[in-house]
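Novice: Those sequence lines, one after another, are chains A and B.
Mapping the first sequence onto my numbering, position 164 (from 1) lands on 144, and the numbers just tick up by one.
Mapping the second sequence onto my numbering, position 148 (from 1) lands on 128, and the numbers just tick up by one.
Note that CB positions come from ideal geometry on N, CA and C, so glycine has one too.
Here it is: the structure, laid out below.
2 protein chains.
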Amino acid sequence: MNYPNGIKKDNKNRQITNNISHKNRGMTLEADLNITNEYYREIDKAYIYKKPTPIKITKVDYPSRDKTVIKEAFFTIPSTTDYNGLYKGKYIDFEAKETASKTAFALDNIHPHQINHINNINRHNGIAFLIIRFTTRNETYLVMAKDFLEFLEKNDRKSIPINFFKEKAYLIKDGYPARIDYLKLIDEVIGGI
Amino acid sequence: MNYPNGIKKDNKNRQITNNISHKNRGMTLEADLNITNEYYREIDKAYIYKKPTPIKITKVDYPSRDKTVIKEAFFTIPSTTDYNGLYKGKYIDFEAKETASKTAFALDNIHPHQINHINNINRHNGIAFLIIRFTTRNETYLVMAKDFLEFLEKNDRKSIPINFFKEKAYLIKDGYPARIDYLKLIDEVIGGI
Chain A
-19 MNYPNGIKKD NKNRQITNNI SHKNRGMTLE ADLNITNEYY REIDKAYIYK
31 KPTPIKITKV DYPSRDKTVI KEAFFTIPST TDYNGLYKGK YIDFEAKETA
81 SKTAFALDNI HPHQINHINN INRHNGIAFL IIRFTTRNET YLVMAKDFLE
131 FLEKNDRKSI PINFFKEKAY LIKDGYPARI DYLKLIDEVI GGI
Chain B
-19 MNYPNGIKKD NKNRQITNNI SHKNRGMTLE ADLNITNEYY REIDKAYIYK
31 KPTPIKITKV DYPSRDKTVI KEAFFTIPST TDYNGLYKGK YIDFEAKETA
81 SKTAFALDNI HPHQINHINN INRHNGIAFL IIRFTTRNET YLVMAKDFLE
131 FLEKNDRKSI PINFFKEKAY LIKDGYPARI DYLKLIDEVI GGI
């Protein structure tokens, strides 16, 4: 079993290796979430996918009858969050972001219409949240939309300090085979869903 | 005021031109659904979006510090349906397709993993369906996942005949301002959601 920080312990809770943290740190949050969502599908637990990156295609080429090559396209600003899907009949929706800062999560990481979207989902009884990883702290937090929106309402800041996460968010432990087992936390937070 | 598709109405909401059906025929199902979903968001009824087209990016250029141009990319096969979102706390998921055939909907229009996805969503109590437009008949049907999957199970055909739609599916009338008011049908089919 993998513990946070790459510490492996045996069944008496003694540390037995120390080389996992390198591997974990090397993986992006996106890769961890892909593996986790794939695992959820494999065990028929939830069907949650990352949306494709929105782009605007401006030039297309047809080198042969059944082949299409995009020759020019641009990334566009997403109007929703990156991940959504279905868990126990419920609509799940979240955004995932990494920051290298040790002290705060800068709010310009999230577009205003994404915040608007999170608010809409929350108001309509979807399960909305954010997963924020502080890479240099090696800590990944789940913040419920309600708490995130409350912070924005009460504060006129450009970033959310780490203390907010420590107080209001939920630390997600590295796991296996679900590397970022966020649905376990959702179960605990929401109660009997 | 300009209405979608150039339909003009007077202040009693009476249509003052008569060219709707022609124009309706000219609009793609995707355009009609975009207008409908936008309208649902405007009136705060539902938050349902078309997913971006999945592509694989193979070449990227950075002409300046804050600009990224995709120089080569390919369309990839989608693993889910095109539309999903939230309605009254429920997970909504559907695929939309047009066919020019007058007599049947060819099943090779839908990828096997999309069918698999529809099955997964249906089993997990999401509201899953298909919206199929027969363009030359000028008819748009909503088929619930349950009925669609039952057809596939019982039949070894490469297409679904129009009679199946007439018997098991729901004809969606052209409307305004929700052009394809599929949630109205969902309310009727599901009952008190």
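(1) If the criterion is Cβ atoms closer than 8 Å, does the pair A76 (chain A) and I98 (chain A) meet it?
(2) Given that H91 (chain A) touches chain D, what residues does it touch there, using C-beta distances under 7 Å?
(3) Around the C-beta of H104 (chain A), are 16 or more other C-beta atoms found within 10 angstroms, so that it is buried, or is it exposed?
(4) Kindly indicate which three-state DSSP category P92 (chain A) falls into: helix, strand or coil?
(5) By Cβ distance below 6 Å, which residues in the same chain neighbour N4 (chain B) in space, the five residues on each side in sequence not counted?
(6) Along chain B, which residues have their Cβ under 7 Å away from the Cβ of A53 (chain A)?
(7) Does any C-beta atom of chain A lie closer than 8 Å to the C-beta of S81 (chain B)?
(8) In this structure, does DSSP put Y121 (chain A) in helix, strand or coil?
(9) With 9 Å as the limit, tell me which residues of the stretch 55 to 75 of chain B have their beta carbon closer than that to any beta carbon of chain A; keep them in chain order.
(10) Along the chain, where does the alpha helix (DSSP H) containing Y156 (chain B) start, and where does it finish?
(11) I'd like to know if the stretch 35 to 50 of chain B and the stretch 43 to 62 of chain A are in contact, where contact means that at least 3 CB-CB pairs between them fall below 8 Å.
(12) Less than 8 Å between CB atoms is the rule here; does G171 (chain A) satisfy it with respect to chain B?
(13) Just the chain B side, please: which residues come within less than 8 Å of K31 (chain A) by C-beta, in chain order?
(14) Show which residues of chain A have a CB atom less than 8 Å away from the CB atom of I142 (chain B).
(15) If you scan the stretch 48 to 104 of chain A from start to end, which runs of the beta strand (DSSP E) of 3 or more residues do you find wholly inside it?
(16) Note down the Cα distance separating I107 (chain A) from E133 (chain A), rounded to an integer number of angstroms.
(17) Between N99 (chain B) and chain A, is any beta-carbon pair separated by less than 8 Å?
(18) From L110 (chain A) to K31 (chain A), what does the alpha carbon distance come to, in whole angstroms?
(19) Excluding five sequence neighbours on each side, which residues of the same chain lie with their C-beta closer than 6 Å to the C-beta of T115 (chain B)?
(20) Can you name the residues of chain A whose CB is closer than 7 Å to the CB of N105 (chain B)?
(21) Kindly list, in the order they appear in chain B, the residues whose Cβ is closer than 7 Å to that of I160 (chain A).
Specialist: In short:
(1) no
(2) Judged by its chain identifiers, the structure shown contains no chain D, and its protein chains are A and B.
(3) buried
(4) helix
(5) For N4 (chain B), the predicted model reports a pLDDT of 47, less than 50, meaning its position is unreliable; a value from the coordinates is still stated below. Excluding residues within five positions, the ones whose Cβ falls inside 6 Å are D154.
(6) I50 and A53
(7) no
(8) strand
(9) F55, T56, P58, S59, T60, N64, G65, L66, Y67, K68, G69, K70, Y71, I72 and D73
(10) That residue, Y156 (chain B), is in no alpha helix (DSSP H); it is neither H nor E in DSSP.
(11) yes
(12) no
(13) K31 and P32
(14) The premise fails here: I142 (chain B) is roughly 28 Å from chain A at the closest Cβ pair, so nothing lies under 8 Å.
(15) 63 to 67, 70 to 79 and 84 to 86
(16) 19 Å
(17) no
(18) 15 Å
(19) E78 and A80
(20) G69
(21) The contacting residues do not exist; I160 (chain A) stays about 20 Å from chain B at best.
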